[in-house]
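Okay, so here's the structure we're looking at.
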Ligand SMILES: [Ca+2]
Ligand SMILES: [Ca+2]
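Numbering (the UniProt record's numbering), first residue to last: 1 to 192.
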């Protein structure tokens, strides 16, 4: 910071990202260029992030969900997203690997970042996800999934835990992999 070289990506970060994401150097440089253009300060603030979500999901209330997604991407907890966090986020949420997406989903549900998911955290994220579903789609949901409370109850049920127990990452991933229905409950996309 305070250095005019801020427009170039450091070799260290480039090397780091190549290893952790398998994106090519060309891809990373292209993304970096776009990132710099859209975000000259080099940091995405929570407000900017929420605006992006609002633009993408005009028919739903995306703010709460956007806040949680932001928190899950802000791995160093400094209240902004830098280029590295942005690319890791892109890597985790796009592309094919289900397990990688589930690792991210775990961090989304682990609201207080203590490495475990509680039933209260499941409820909180189910509320946020529910608001992402457009009103008319909400009305078409199955009777046992048409409120955030019912969805949280149903999702928690797949993990075979008591209400006061907590879920580790491996248990969360396994539970979702074993139950196709759990997979759709952790997302906001309309079903089929
Ligand atoms: Ca950060
Ligand atoms: Ca937690």
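A virtual CB, placed ideally from N, CA and C, is assigned to each residue, including glycine.
Could you pull the DSSP bridge partners for residue 81 from this structure?
Within the chain shown, the letter at position 81 stands for residue 81. According to DSSP, residue 81 bridges with 44.
If you measure from the CB of residue 82, is any heavy atom of ligand 1 nearer than 7 angstroms?
Working through the chain shown from its first residue, we reach residue 82 at position 82. Under cutoff, so the answer is yes.
Which same chain residues end up closer than 7 angstroms to residue 104 when comparing Cβ atoms and leaving out the 5 residues on each side of it in sequence?
Against the chain shown, residue 104 aligns to sequence position 104. Here the set comprises 72, 92, 93.
Roughly how many whole angstroms lie between the Cα atoms of residue 20 and residue 88?
Counted from its first residue, the chain shown places residue 20 at position 20. Counted from its first residue, the chain shown places residue 88 at position 88. Near 8 angstroms, if we compare the C-alpha coordinates of residue 88 and residue 20.
Please list the terminal residues of the continuous alpha helix (DSSP H) segment that includes residue 74.
On the chain shown, position 74 is the one that residue 74 refers to. Residue 74 -> no alpha helix (DSSP H), and no H or E assigned at all.
Which word fits residue 191, buried or exposed, when buried means at least 16 other C-beta atoms lie within 10 angstroms of its C-beta?
Position 191 of the chain shown, counted from the first residue, corresponds to residue 191. Since pLDDT at residue 191 reaches only 41, below the 50 mark, its modelled position is unreliable, and no value is offered.
Where the alpha helix (DSSP H) containing residue 11 begins and where it ends:
For this step, residue 11 is matched to residue 11 along the chain shown. It spans 11-21 - the alpha helix (DSSP H) in which residue 11 sits, taken as one unbroken run.
C-alpha distance - residue 113 paired with residue 67, whole-angstrom precision
Here residue 113 is taken as the residue at index 113 of the chain shown, counted from 1. Here residue 67 is taken as the residue at index 67 of the chain shown, counted from 1. In a straight line, the C-alpha of residue 113 is about 14 angstroms away from that of residue 67.
Alpha carbon to alpha carbon, how far is residue 164 from residue 151? Give it in angstroms, no decimals.
Counted from its first residue, the chain shown places residue 151 at position 151. Counted from its first residue, the chain shown places residue 164 at position 164. For residue 151 and residue 164, the distance between alpha carbons rounds to 18 angstroms.
Quick one: is the Cβ of residue 125 within less than 7 angstroms of any heavy atom of ligand 2?
Counting from 1 along the chain shown, the entry for residue 125 is found at position 125. Checking the Cβ of residue 125 against ligand 2 gives no.
CB of residue 122 to nearest heavy atom of ligand 2: below 7 angstroms?
Your numbering for residue 122 matches position 122 in the chain shown. Not so, every heavy atom of ligand 2 lies at least 7 angstroms from the Cβ.
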